[in-house]
Amino acid sequence: LHDVTATYPTGPLRLNPADIPGYEPTQEAPAEPLEAYGWFRRSNTASPPEYLGLEEGLAAVAKVMSEEGPFDGVIGFSQGAAMAAMVVSLLEPGRKEAFERFLDASVASEGKAEADAVVSGVPFPKAFEGLSHPPFKFALCYSGFRSPGARYRGFYESPALQTPILHVLGSLDAVVEESRSRALVEACAGDPEKEGKVVWHPGGHFLPSQRPYLDAAVRFIREQLEGGNKKDAEEEDVNDMDLPF
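In terms of UniProt numbering, the sequence shown has 50 at position 50, counting the first letter as 1, and numbering is strictly consecutive.
Okay, here's the thing in structure tokens:
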């Protein structure tokens, strides 16, 4: 992977400390405003869950793709990984029809939690209506998760996500619950775990930088870009490796 160009877009929504999971404010007020940005904010009151500012976040991504693309793939961490999966979805064939199906509240709310209101799914994002960009060849989602609730089923269902996604998850992640990450894995076509597209590291909410996990990412990207063969049977699986911690 020698000829690689990477773009690092910034979320358009400036976050308050309370918007950041796990943030523990000190007693002293910060000298300067917090420099933190996101792609959306989760409402504290909506049930089922609602992401505020998501349309603005998607529009910002679409603008980068239009001006600097086309791109082969996308990599994201935490909220960025959730956003990456949504963008992957929007580029796939048949996705607009899926969104139209879930505009029917009775369809979107089927199987909902008892406490949740009956709501329709969100419409297909306007920013992606006329976007001329091919589907991604791959995505890497570190500590990713599925957007929960009836509003966002169009991103993940009818059909499932078809683009190859490597999910890298921390077994001690205290910010993103395992069930939320598994919901994203289960939204992908096939059986990602059996196909080696789910990698666990024995840590928390961070990007693992140890060699085995970097190798797993590079190998995955190579397979998608070059159509390379799967690793040899005798090559040790990253989840079985002895690690220095």
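Even for Gly, the Cβ is constructed at its ideal location relative to N, Cα and C.
Predicted, not measured: the structure shown is a model, and the values here were computed from it.
Taking the Cβ atom as the reference point for each residue, do residue i and residue j lie within a distance shorter than 9 Å?
i: Gly121; j: Gly154; result: yes
i: Val175; j: Ser78; result: yes
i: residue 260; j: Ala113; result: Any answer about residue 260 is impossible in this case: the structure gives the chain only from 1 up to 245.
i: Gly73; j: Leu225; result: yes
i: Glu50; j: Arg211; result: no
i: Leu52; j: Leu34; result: no
i: Gly57; j: Leu90; result: no
i: Pro148; j: Phe220; result: no
Residue i and residue j look like a contact to me (Cβ under 8 Å); what is the Cβ gap, rounded to whole Å?
i: residue 250; j: Gly69; result: No answer is possible for residue 250: it lies beyond the span of the chain, which begins at 1 and ends at 245.
i: Ser47; j: Ala117; result: 6 Å
In terms of alpha-carbon separation, which member of the options lies closest to residue i?
i: Arg75; options: Glu226, Ala160, Pro9 and Lys194; result: Sequence check: residue 75 is Ile here, not Arg. If we check each option's Cα against that of Ile75, Pro9 comes out closest.
i: Ala82; options: Gly227, Ser209 and Gly38; result: Gly38
i: Cys188; options: Phe206, Pro159 and Gln210; result: Pro159
i: residue 246; options: Ser181, Glu50 and Leu131; result: Shown here, the chain extends from 1 to 245; a query on residue 246 therefore has no answer.
i: Glu129; options: Ala150, Phe71, Ser66 and Asp191; result: Ser66
i: Glu178; options: Thr163, Pro164 and Val198; result: Val198
i: Glu92; options: Gly57, Ser147, Phe124 and Pro148; result: Phe124
i: Glu55; options: Glu97, Ile221 and Arg41; result: Arg41
i: Gly11; options: Ala18, Val4 and Ala36; result: Ala36
i: Ala108; options: Tyr213, Tyr156, Ser43 and Glu193; result: Tyr156
Any beta-carbon of chain D closer than 9 Å to the one on residue i?
i: Leu140; result: Structure shown: chain D not included; a single protein chain is present.
Problem - Contiguous alpha helix (DSSP H) assignments of at least 4 residues, all confined to the segment 80-124 - result: 95-102 and 105-108
Exercise for the section: Write down every uninterrupted run of the beta strand (DSSP E) in the segment 191-215 whose length is 3 residues or greater and which is fully enclosed by it, in chain order. Expected result: 198-201
Problem - the segment 167-178 contacting the segment 194-204, beta-carbon criterion three pairs below 8 Å - result: yes
Handout entry: the segment 54-62 touching the segment 72-88, judged by at least three CB pairs closer than 8 Å
Key = yes
Exercise for the section: Report yes or no: do the segment 97-107 and the segment 130-145 share at least 3 C-beta pairs separated by less than 8 Å? Expected result: no
Problem - Minimum length 3: unbroken beta strand (DSSP E) runs contained in the segment 130-177 - result: 138-142 and 165-170
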